[in-house]
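K.L.:
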Amino acid sequence: MIPTFDKIHNKFKLNGLYFDRDALKEVAYSFIKEGQLFEKEMGDFLLEWTNDRPVVEVRTSGSTGAPKIVIIKKDAMVASAISTGNFFSLEPGDTCLHCLPTHFIAGKMMLVRAMILGLEVTTVEPLSRPIFDIDKTFDFCAMVPLQLENTINATKNIKKLIVGGAAVPKSLVTAVQKLKTEVYETYGMTETITHIAAKRLNGKTKSKYFTTLPGVLVTQDERNCLVIKAPYLSSEPVITNDIVELISEYEFRWLGRADYVINVGGVKVQPEVVEAKLQDKFQHRILITSEHDSKLGEHVVMIVESEPFEISKTVFEDLEKFEAPKSIYFISRFVEKTPGKIQILETLNKAKLS
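Residue numbers (this note's numbering): 4 to 357.
(1) Out of Val303, Ala145, Asp283, point me to the one whose CA is closest to Pro274's CA.
(2) To the nearest angstrom, report how far apart Met45 and Glu123 are at their CA atoms.
(3) Starting from Val303, trace the beta strand (DSSP E) both ways and give me its first and last residue.
(4) Would you decide whether Pro311 is buried or exposed? Buried here means 16 or more other CB atoms lie within 10 Å of its CB.
(5) Looking at C-alpha atoms only, which residue of Gln223, Ile199, Pro217, Leu182 is the closest neighbour of Asn205?
(6) From the DSSP output, read off the bridge partner residues of Leu356.
(7) On the three-state DSSP scale, how would you describe Cys62?
(8) Could you tell me which whole beta strand (DSSP E) segments of length 3 or greater appear in the stretch 13-39?
(9) Buried or exposed: Gly88, going by 16 or more other Cβ atoms within 10 Å of its Cβ?
(10) Mind checking which residues open and close the beta strand (DSSP E) that includes Asn244?
(11) In this structure, how does DSSP classify Glu42 when only helix, strand and coil are distinguished?
(12) Which whole-angstrom value describes the C-beta separation of Ile165 and Ala201, a residue pair presumed to lie in contact below a C-beta threshold of 8 Å?
(13) Does the stretch 136-144 touch the stretch 27-36, meaning 3 or more C-beta pairs lie closer than 8 Å?
(14) Is the beta carbon of His287 less than 9 Å from the beta carbon of Ser315?
(15) Classify Val277 as helix, strand or coil using the three-state DSSP reduction.
(16) What residue range does the beta strand (DSSP E) around Asn266 cover?
(17) Should Thr197 be labelled buried (16 or more other beta-carbon atoms within 10 Å of its own) or exposed?
(18) Report the three-state DSSP secondary structure of Leu100 (helix, strand or coil).
(19) Could you tell me which residues DSSP pairs with Glu188 in its beta bridges?
(20) Where Tyr253 and Leu216 are concerned, what is the direct C-alpha to C-alpha distance, given to the nearest angstrom?
(21) Could you compute how far the alpha carbon of Gly300 sits from the alpha carbon of Val270?
(22) Taking DSSP as the reference, what is the three-state secondary structure of Thr140?
(23) Quick check on the burial criterion: 16 or more other C-beta atoms within 10 angstroms. Buried or exposed for His295?
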């Protein structure tokens, strides 16, 4: 069977039951009418997927800009699912755990992969600490960093786990070294139909670099930002705002967002780099951002997700002069629309009022 969006793989199962295209529509109606909120969202997408339109509407998360609606071709989503299946060696009949919100692209693609690749998908509520059967074996799962952090001791029966949607903190990378589960950090966005590259975080094949999925090539523009060439996405390259170190047309190291760069008197500071230098020195999550400076244009500030406490100056000894925070704010909880998706400006404004 040649995979197309209007066909459901005969090995596909949803929560233990097989459904063809017509039956899946009935399930979708049932979710919308009687299900919990996450099931209603799942039902909405399943209805959209099984209609005759060749596209779906997807809402971006808003973590790197104002939320917007993106129109994506279903055929492109099918191609993305196949590319993921090839990269992670997923086979018909493999089991997967779906614990992501379906109103965003990552959650939608978990269902698409199952329907196209013939996976047996188990769905659970997309909580920051997902509740699932830890004794059941799953071949594949996707989580955001906070979900993995909260369930790291319950992943022994998950064979391959991808984590994305936000940068994976060093502390979590350290924690996954003890796992037998193959853990991969992914790179992607709504416009690239989730990930176009992944890197192994643990085991003998762990890497510092992202490797692109089959059929995806990468280059850089004059800003050193990543440019993605994937025929199934678009005939035109996808130009990102992500600054990278390019290793080859198949490999790169992510450094940070060009639109997050802090200009301190002409010196460019990458907040993600500063966060990486500091995070291991704090038990709480930290966020590096900037404020207006009348002399320098901008200066670095740090926000700590904690009640106020005294911070020793020695914590900042490894930073360059202009990387050191001029102000430090505390906040009980970062502002997040979904787990791991920190809203930077809203968090800063709230922290300054705390």
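Think of the CB as a built atom: it goes at the ideal place given N, C-alpha and C, for glycine as much as any other residue.
P.N.:
In terms of the structure at hand:
(1) In the sequence shown, residue 274 corresponds to position 271, counting from 1. It is Val303.
(2) Locating residue 45 in the sequence shown gives position 42, counting from the first residue. Locating residue 123 in the sequence shown gives position 120, counting from the first residue. As the crow flies, the alpha-carbon of Met45 is around 16 Å from that of Glu123.
(3) Sequence index remark: in the sequence shown, residue 303 carries index 300 (1-based). 300-308 is the span of the beta strand (DSSP E), which, as asked, contains Val303.
(4) On the sequence shown, residue 311 is found 308 positions in, with the first residue counted as 1. So Pro311 counts as exposed.
(5) Translated into the one-based positions of the sequence shown, residue 205 becomes position 202. That would be Leu182, whose Cα lies nearest to the Cα of Asn205.
(6) For the purposes of this step, residue 356 is identified with residue 353 of the sequence shown, where counting begins at 1. None, per the DSSP bridge assignment.
(7) Taking the first residue of the sequence shown as position 1, residue 62 is located at position 59. One detail in the question is off: residue 62 reads as Arg in this sequence, not Cys. Reduced to three states, the DSSP call for Arg62 is strand.
(8) List check, beta strand (DSSP E) in window: nothing returned.
(9) Taking the first residue of the sequence shown as position 1, residue 88 is located at position 85. Counting Cβ neighbours within 10 Å, Gly88 comes out buried, since at least 16 surround it.
(10) Looking up residue 244 in the sequence shown gives position 241. First-last of the beta strand (DSSP E) with Asn244: 241-249.
(11) For the purposes of this step, residue 42 is identified with residue 39 of the sequence shown, where counting begins at 1. Note: Glu42 maps to helix in three-state DSSP.
(12) Within the sequence shown, the letter at position 162 stands for residue 165. Within the sequence shown, the letter at position 198 stands for residue 201. With a Cβ gap of about 6 Å, Ile165 and Ala201 count as contacting.
(13) These segments do not touch.
(14) Within the sequence shown, numbered from 1, the residue matching residue 287 stands at position 284. Within the sequence shown, numbered from 1, the residue matching residue 315 stands at position 312. Their beta carbons are not under 9 Å apart, which means His287 does not touch Ser315 by this criterion.
(15) For the purposes of this step, residue 277 is identified with residue 274 of the sequence shown, where counting begins at 1. Residue state, collapsed to three classes: helix.
(16) Position 263 of the sequence shown, counted from the first residue, corresponds to residue 266. Taken as a continuous stretch (DSSP letters only), the beta strand (DSSP E) holding Asn266 covers 265-267.
(17) For the purposes of this step, residue 197 is taken as residue 194 along the sequence shown, with counting starting at 1. By the neighbour-count criterion, in which 16 or more other beta carbons inside 10 Å mark a residue as buried, Thr197 falls on the buried side.
(18) Taking the sequence shown and counting its residues from 1, one reaches residue 100 at position 97. Strand.
(19) If you number the sequence shown from 1, residue 188 lands on position 185. DSSP lists Val166, Lys202 as partners of Glu188.
(20) The count along the sequence shown starts at 1 and reaches residue 253 at position 250. The count along the sequence shown starts at 1 and reaches residue 216 at position 213. Approximately 8 Å, taken between the alpha carbons.
(21) Your numbering for residue 300 matches position 297 in the sequence shown. Your numbering for residue 270 matches position 267 in the sequence shown. Approximately 10 Å, taken between the alpha carbons.
(22) Within the sequence shown, numbered from 1, the residue matching residue 140 stands at position 137. Secondary structure at Thr140: coil, using DSSP grouped into helix, strand and coil.
(23) On the sequence shown, position 292 is the one that residue 295 refers to. Exposed is the label assigned to His295, since fewer than 16 other Cβ atoms lie within 10 Å of its Cβ.
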